[in-house]
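These notes are about the structure you will find just below.
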Amino acid sequence: MSDKVTLKTKPSKIDVVGDSWVLHFPRFGEEGTHFHTYGLLTPYFKGLTEGKLRGTKCVNPKCPIYKGKGELWIPPRADCPDCHQPMVWEDVKDPKGYIYAYTHVERGGAGLEIECPYYQIDVKMEGVGTIVKGYLADRKKIKIGDKVRAKFLTGKDATNTCLDIYWELT
Ligand SMILES: [Zn+2]
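The sequence shown: position 115 = 115 (my numbering), numbered continuously.
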């Protein structure tokens, strides 16, 4: 077995409608293709395919919680859950953090596209308000607190899904 995790995912076809991506997901063969749009969150998914991690934050000074100084949310939200105003996009310059929690996945359910076994990890990043979920490419034994860095599937390797970001031990 390889010391790195691989994906079974084939690149998903996308249509561009306005500023939004519409993903083709042939879950049950061509006839069973599921279509869904990333809508206002398209910049997040497009960013991953370009090697960028983007989040959103609330900058509304009238927000009852953030008062114009929102934390960065990853994955992003289009609108603030507290004041319901549009949030603004911001790139994470050097996406790294530490393992906050993890699960060792030995057997996945039907449709799982990550080769088992692998670690599903929660990453705490400085300057990011949320805990970011993802998968670790390494199969070495890990512990909480280990440092990780984000990596991306870009260009022709991109799947156009949330699996285009993964993590490696530093
Ligand atoms: Zn707000």
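Just so it is clear, CB atoms sit at the ideal spot from N, CA and C, and this is done for glycine as well.
Out of the options, state which residue places its alpha-carbon closest to the alpha-carbon of residue i.
i, options, result
"F45", "D146, P76 and R27", "P76"
"T103", "V92, Q120 and P11", "Q120"
"W73", "Y100, I14, V88 and T49", "V88"
"Y100", "K133, K8 and H84", "K133"
"D91", "L23, P43, Y66 and D82", "P43"
Going straight from the alpha carbon of residue i to that of residue j, what length do you get?
i, j, result
"V16", "L40", "12 Å"
"K151", "I165", "6 Å"
"T33", "D19", "22 Å"
"A78", "V59", "12 Å"
"T6", "P117", "10 Å"
"P26", "E71", "36 Å"
"E168", "L136", "6 Å"
"L48", "K96", "15 Å"
Closer than 8 Å, CB to CB, is residue i near chain D or not?
i, result
"H84", "You won't find chain D in this structure, because it holds only one protein chain."
Assuming residue i is part of the beta strand (DSSP E), what are its boundary residues?
i, result
"G47", "Taken as a continuous stretch (DSSP letters only), G47 belongs to no beta strand (DSSP E), being part of the alpha helix (DSSP H) at T42 to T49."
"S20", "S20 to F25"
ask   = Just checking, does the region 152-161 make contact with the region 117-134 on the three C-beta pairs under 8 Å criterion?
value = no
key: For ligand 1, residues whose Cβ lies under 7 Å from any non-hydrogen atom   = C58, N60, C63, I65, Y66, G70, C80, D82, C83 and Q85
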